[in-house]
Every structure is written in structure tokens, then in C-alpha cells.
Amino acid sequence: MSMKDNRKTYLMALLFGCFLLLPFQAAAEQVVLRLSTVQSFKPFVWDEGNGPRGIDHDIVQEMCRRMEISCRVEYHPWKRVLARIEDGLSDGGFTGFRTPERQAYAHFPAHPLHFSTYNIFVKTGKEFDFDSVTDLYGKTIGIRRGFKIHPQLEQAREKGWVTIKEVNSNDQNVRLLLAGRVDAVAANYHMMRITLSEMGVVCELSCLPTPITPPRPSYLMISKKWKHPRKETLLKKIDDTLKEMYDDGTVDKINSTYLD
35 MSMKDNRKTY
45 LMALLFGCFL
55 LLPFQAAAEQ
65 VVLRLSTVQS
75 FKPFVWDEGN
85 GPRGIDHDIV
95 QEMCRRMEIS
105 CRVEYHPWKR
115 VLARIEDGLS
125 DGGFTGFRTP
135 ERQAYAHFPA
145 HPLHFSTYNI
155 FVKTGKEFDF
165 DSVTDLYGKT
175 IGIRRGFKIH
185 PQLEQAREKG
195 WVTIKEVNSN
205 DQNVRLLLAG
215 RVDAVAANYH
225 MMRITLSEMG
235 VVCELSCLPT
245 PITPPRPSYL
255 MISKKWKHPR
265 KETLLKKIDD
275 TLKEMYDDGT
285 VDKINSTYLD
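Numbers 35 to 294, taken from our numbering, label the letters of the sequence shown in order.
(1) Does the stretch 198 to 212 come into contact with the stretch 175 to 183, if we say contact requires no fewer than three beta-carbon pairs (one atom in each stretch) closer than 8 Å?
(2) Mapping the DSSP letters down to three states, classify T284 as helix, strand or coil.
(3) Is the distance from the Cβ of M233 to the Cβ of G126 below 8 Å?
(4) May I have the straight-line CA-CA distance separating T284 from L293, to the nearest angstrom?
(5) Could you have a look at T133 and say whether DSSP puts it in helix, strand or coil?
(6) CB-CB under 6 Å to L242, same chain, minus the five flanking residues each way: which ones, in chain order?
(7) Excluding the five sequence neighbours on either side, which residues of its own chain have a C-beta within less than 7 Å of the C-beta of L48, listed in chain order?
(8) Drop a sphere of 10 angstroms on the beta-carbon of G159, count the other beta-carbons inside from all chains shown, and report buried for 16 or more, exposed for fewer.
(9) Counting only the same chain and skipping the five closest in sequence on each side, list residues whose C-beta sits under 6 Å from that of F149.
(10) Leaving out the 5 sequence neighbours to the left and right, which residues in its chain are closer than 8 Å to K182 when beta-carbon positions are compared?
(11) Skipping 5 residues on each side, what residues in its chain have a beta carbon closer than 7 Å to that of K258?
(12) Go to S231, then tell me how far its alpha helix (DSSP H) extends in each direction, as first and last residue.
(13) So if DSSP puts A140 in a beta bridge, which residue, or which two residues, is it bridged to?
(14) Does the Cβ-Cβ distance between E96 and M226 come in under 8 Å?
(15) Have a look at the DSSP bridge pairing and note the partners of N153.
(16) For L268, I'd like the list of residues in its chain whose CB is within less than 7 Å of its CB, leaving aside the five on either flank, ordered along the chain.
(17) Output yes or no for whether 8 Å exceeds the beta carbon distance between T17 and D90.
(18) Can you tell me whether DSSP reads Q59 as helix, strand or coil?
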């Protein structure tokens, strides 16, 4: 065999070896984003055994699809979701308000997954004037465990001006309210309307007209302990992709699927 033939054989073998390595290289570069969230948070995310769905879930999945990365979602109670993000046990989670405490351990994209409005719900016939947190002084208020609804409500709780009863679900809050064990419930407006409809008690509870919070952005959070060599690039890509989804109407379309 000539020198020329040997060189040709060597080059072909080298190229063949490169092709064999391509699938392994692609697998090695595949980004897997491990996210935590709660299992029952209608209409934003929930799973009743037929697979996850909801506004936040669909936005996150579409974001990952456009970024060409994999997204794996695990369910935990909300306090554990936050703890996993803080400890780096999850790469991120959704969705949470941006607070100084959370900014210490999580990155927040420029664009939220949704806006939350929280209202005060009471038994029908037990309505009272509500304009600010001071109108709740002396009352027992039900909230979802781990939720930080309003700084002034947290302050009133610490000072003993209001009593806060934490539960794991809106269903439990509704039952407490109907049983007279709390005076009112502070809850996400859309979530509570769905809960009341599903429980068949829409007419038994009333929503006070003034929200306890104006529409407030709630975000995908990415752990500052997320270990990935292209982390900064991916964080920017998350920002860019969410902006693109707002700009092209995808976020509005997803919202209309669940809220109309």
C-alpha cells in the first residue's frame, strides 16, 4: 500500500471516529434543568394524575423547548421548594415573588411567569370594610403555608396584631372559614375562585373588593448554587426566551387557555 493510500485510510478512520463521538458529545452537552414546584396551585401548575399542566408549567416547558434544553419537574411543599433552591438541591423552581431574602440565593429573570393578585375572602354576610392591613388587626387570617403575601401583614403577625393560621391548601382554608375557625382568608384571587367553584361553595364566600396586594409579578427562580459551565449564558437565554414569548403573544395565549 502506498504512502498516499495510508494517509487516505488514516483520514477516513479519523473521520469515522469523529462521527462515532458526536452522539456522546451531544449527550454530554444536553442541559437538564431540574426544577421544583408545588403540585396543587391551580391555575398556575397542578397534577391530578393525568400529567402536569397550568399557566406556569406550560410557559416553562415552552421556554425549555425553545432553548433546546430538558426540563424535569419535581413536586414538593412550597417551603421545601424554596429550601431546595437555596441549598442547590434543585437548579431552580417556580413561581415566587422577588424578595430581598430570596434574591440572596436565587436569580430572577426580567420577565415573570404570571402576575398574582391577592384578596381577602370572608363568609357571605360577614363582610367588613377593608382598605389596608390595619383593617385586619384583631382577626385570625388563614393563608397557604410558606406564603409571604404582604410585608405589613408579616409585620402585624410578628407584633401580634393579627393571628395567622397556615394550612397546606386553599381547600383547607375554605373549610376553616366555613367552620368559623378563621375570620378571613388571604389568597390568590384566581386560585380561590377555582377552589370555590370545585367545592360548590361560590355563594357561601365573598371576596372583598379591595385587593390586599396589587398585581404582583411571580417568577421562575434559578438557584445561585446551580453548577453549570455555561450558567451565565443560559441565564441570559432564559431572559431572552421569556421576552420573546411575551413579545410574540405566546404568554397571552397560554393565559387565555386557563383564565377565559
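Beta carbons: idealized from backbone N, C-alpha and C, even for Gly. All values derive from a computational prediction rather than experimental measurement.
By the coordinates alone:
(1) yes
(2) Walking along the sequence shown from the start, residue 284 turns up at place 250. Correct three-state label for T284: helix.
(3) Taking the sequence shown and counting its residues from 1, the one referred to as residue 233 is at position 199. Taking the sequence shown and counting its residues from 1, the one referred to as residue 126 is at position 92. With contacts defined by Cβ atoms closer than 8 Å, M233 and G126 do not form a contacting pair.
(4) Counting from 1 along the sequence shown, the entry for residue 284 is found at position 250. Counting from 1 along the sequence shown, the entry for residue 293 is found at position 259. So the two alpha carbons sit approximately 14 Å from each other.
(5) Start at 1 with the first residue of the sequence shown, and residue 133 comes out as number 99. Here T133 sits in coil by DSSP.
(6) Translated into the one-based positions of the sequence shown, residue 242 becomes position 208. Closer than 6 Å at the Cβ level, and outside the excluded window around L242, lie I154, F164.
(7) Here residue 48 refers to the residue found at position 14 of the sequence shown. Bear in mind that a pLDDT of 48 at L48, under 50, signals an unreliable position, so the model cannot answer this.
(8) Position 125 of the sequence shown holds residue 159. Exposed, because fewer than 16 other Cβ atoms sit within 10 Å of the Cβ of G159.
(9) On the sequence shown, position 115 is the one that residue 149 refers to. Cβ neighbours of F149 beyond the five flanking positions: P249, P251.
(10) Within the sequence shown, numbered from 1, the residue matching residue 182 stands at position 148. Around K182: F131, T133, E188.
(11) To locate residue 258, count along the sequence shown from 1; it is residue 224. So the list reads Y139, A140, H141, once near-sequence residues are dropped.
(12) For the purposes of this step, residue 231 is identified with residue 197 of the sequence shown, where counting begins at 1. Residues 223 to 233.
(13) Position 106 of the sequence shown, counted from the start, is the residue given in the question as residue 140. Per DSSP, S257.
(14) The residue labelled residue 96 in the question sits at position 62 within the sequence shown. The residue labelled residue 226 in the question sits at position 192 within the sequence shown. It is not a contact, given that the beta carbons lie outside the stated cut-off.
(15) In the sequence shown, counting from the first residue as 1, residue 153 sits at position 119. DSSP lists A221 as partners of N153.
(16) The residue you call residue 268 lines up with position 234 of the sequence shown. Result list for L268: V65, H262, in chain order.
(17) The requested residue 17 is not part of the displayed model; the chain covers only 35 to 294.
(18) Taking the first residue of the sequence shown as position 1, residue 59 is located at position 25. Residue placement at Q59 cannot be trusted, given a pLDDT of 40 that sits under 50; the coordinates are not used to answer.
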